[in-house]
Amino acid sequence: MRTVSKALFALAVLLVAIVTWAGLEGKRRFTRPGPLAEAATVVIAKGSGLEAIARKLAANGVVPDPYSFMVGAKLRQASLKAGEYAFPAHISPQDAVAMMGEGRTVVHKLTIAEGLTSKQILALVREADYLSGDLVAVPPEGALLPETWHLNRDDARDEVVGRMEKSMRQLMDQLWPVRATDLPVKTKEQALVLASIVERETGIKAERPMVAAVFVNRLRLGMRLQSDPTVIYGLSDGMGVLDRPITRTDLETPHRWNTYVIEGLPPTPIANPGRASIEAVLHPAKSEALYFVADGTGGHVFANSLNEHNKNVANWRKVEKARREGK
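Going by our numbering, the first residue of the sequence shown is number 264, and it counts up by one from there.
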């Protein structure tokens with residue numbers, strides 16, 4: 264009996280030693296640098312269970328084996344989140360669990376420039392291959408806020424566009440109540456229309472209040488806006504660009520957005536304006552200017568009278584001629 268007891272005791276000690284060694288080895292494998300030779304991106308599908316996640320990470324070389332990862336995650340009661348993860352080289356399983364438990368997924372940046380039309384913006388959203396779903400309806404022109412959007416893989420395209428619309432509404436709700444008094448634009452919708460024209464007329468932020476002042480002054484006096492971008496919008500079927508120079512015939516061709524022909528504002532915005540152009544319309548510069556033309560440096564020169572404007576136009580034509588002749 265003593266011999267049997269000694270044997271059982273020895274076996275028990277051996278088992279304890281094995282379990283202890285296995286636990287220590289498992290801890291070392293969980294906490295030490297992993298086998299990933301260089302940074303890698305792995306997408307974890309929604310609904311993936313712990314075992315499926317562990318096996319995918321092991322298959323991609325992120326962790327040495329699925330088992331130490333699973334045990335470590337269970338001991339930490341980690342709730343691993345689906346998504347796209349950029350794992351750095353030699354990340355430990357422990358750090359991988361922490362990253363996925365906190366949902367530190369890859370963030371994609373989608374930059375929407377000011378002055379794009381809704382059709383152009385939807386084209387960019389469709390081209391973002393990390394997004395999911397389709398887009399059917401084109402949002403109203405001027406309804407989307409241009410800025411850099413931070414998105415995750417598999418974000419729904421329609422939800423992304425919905426965020427752009429919501430942000431524009433929130434911005435207008437913020438800016439409209441503190442607008443300047445006695446503006447000729449009487450609604451938020453009219454402000455967006457004029458802001459879209461300002462946006463398309465100049466890409467220089469500092470100029471926008473002056474450009475806005477010109478159009479505000481013209482509206483007050485009942486003058487036509489005579490803005491080339493409005494003509495282009497109507498001719499381009501809402502794309503905002505032509506594949507040729509604008510012509511005198513274009514300026515004389517009637518359509519709903521041609522401000523050389525119609526009185527007042529066009530029926531809709533001609534693009535999606537950014538915050539600076541909206542603020543310029545709601546707080547235009549103090550000026551009596553009624554005209555502006557390119558100055559040859561990327562900006563514009565402004566005039567209060569037609570005579571002064573004609574001189575500026577003549578100067579601009581000299582600049583154009585010199586450029587054509589290579590002077």
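From the three backbone atoms N, C-alpha and C, an ideal C-beta is built for every residue, glycine too.
Just so we're clear, the structure is a prediction, and the values are computed from it rather than from any experiment.
(message) Rounded to the nearest angstrom, what separates Ala424 and Leu394 at their Cα positions?
(response) The residue given as residue 424 occupies position 161 in the sequence shown. The residue given as residue 394 occupies position 131 in the sequence shown. Looking at the sequence shown, residue 424 is not Ala but Val. Distance between the alpha carbons of Val424 and Leu394: 11 Å.
(message) Do Thr380 and Gly503 have their beta-carbon atoms positioned less than 8 Å apart in this structure?
(response) Along the sequence shown, read from residue 1 onward, the residue named residue 503 stands at position 240. Along the sequence shown, read from residue 1 onward, the residue named residue 380 stands at position 117. In this structure, Thr380 lies closer than 8 Å to Gly503 by Cβ.
(message) Taking its Cβ as the centre, do 16 or more other Cβ atoms sit within 10 Å of Leu408, making it buried, or is it exposed?
(response) Taking the first residue of the sequence shown as 1, we reach residue 408 at position 145. Label assigned to Leu408: buried.
(request) Using three-state DSSP, classify Glu393 as helix, strand or coil. (result) To locate residue 393, count along the sequence shown from 1; it is residue 130. In the sequence as displayed, the identity of residue 393 is Tyr instead of Glu. Coil at Tyr393, not helix or strand.
(request) At 4 residues or longer, and completely inside the segment 481–564: list those alpha helix (DSSP H) runs for me, N to C. (result) 491–498, 511–515 and 538–545
(message) Give me, in chain order, the residues of the same chain whose beta-carbon lies closer than 6 Å to that of His371; leave out the 5 immediate sequence neighbours on both sides.
(response) The residue you call residue 371 lines up with position 108 of the sequence shown. The residues are Tyr393 and Leu414.
(message) Suppose contacts are defined by Cβ-Cβ distances below 8 Å. Is Leu455 in contact with Gly378 by that definition?
(response) Counting from one through the sequence shown, the residue named residue 455 turns up at place 192. Counting from one through the sequence shown, the residue named residue 378 turns up at place 115. Their beta carbons are not under 8 Å apart, which means Leu455 does not touch Gly378 by this criterion.
(message) So, at 6 Å on beta carbons, what are the nonlocal neighbours of Glu583 in its own chain, with the 5 sequence-adjacent residues on each side left out?
(response) Your numbering for residue 583 matches position 320 in the sequence shown. If we look at Glu583 and ignore the five residues flanking it on each side, it has no Cβ neighbours.
(message) I'd like to know whether the C-beta atoms of Phe332 and Pro356 end up nearer to each other than 8 Å.
(response) Working through the sequence shown from its first residue, we reach residue 332 at position 69. Working through the sequence shown from its first residue, we reach residue 356 at position 93. Their beta carbons are under 8 Å apart, which means Phe332 touches Pro356 by this criterion.
(request) Measure the Cβ-Cβ separation of Gly335 and Leu299 and say whether it is below 8 Å. (result) The residue labelled residue 335 in the question sits at position 72 within the sequence shown. The residue labelled residue 299 in the question sits at position 36 within the sequence shown. No, the Cβ-Cβ distance between Gly335 and Leu299 is not below 8 Å.
(request) Sort out for me which residues DSSP pairs Trp412 with in a bridge. (result) Position 149 of the sequence shown, counted from the start, is the residue given in the question as residue 412. Per DSSP, Leu373.
(message) Tell me which residues share the same chain as Ser430 and place their Cβ nearer than 7 Å to its Cβ, disregarding the 5 neighbours each side in the sequence.
(response) Here residue 430 refers to the residue found at position 167 when the sequence shown is read from its first residue. Cβ neighbours of Ser430 beyond the five flanking positions: Leu408.
(request) Could you spell out the range, first to last residue, of the beta strand (DSSP E) harbouring Glu588? (result) The residue you call residue 588 lines up with position 325 of the sequence shown. First-last for Glu588: undefined, no H or E at that position.
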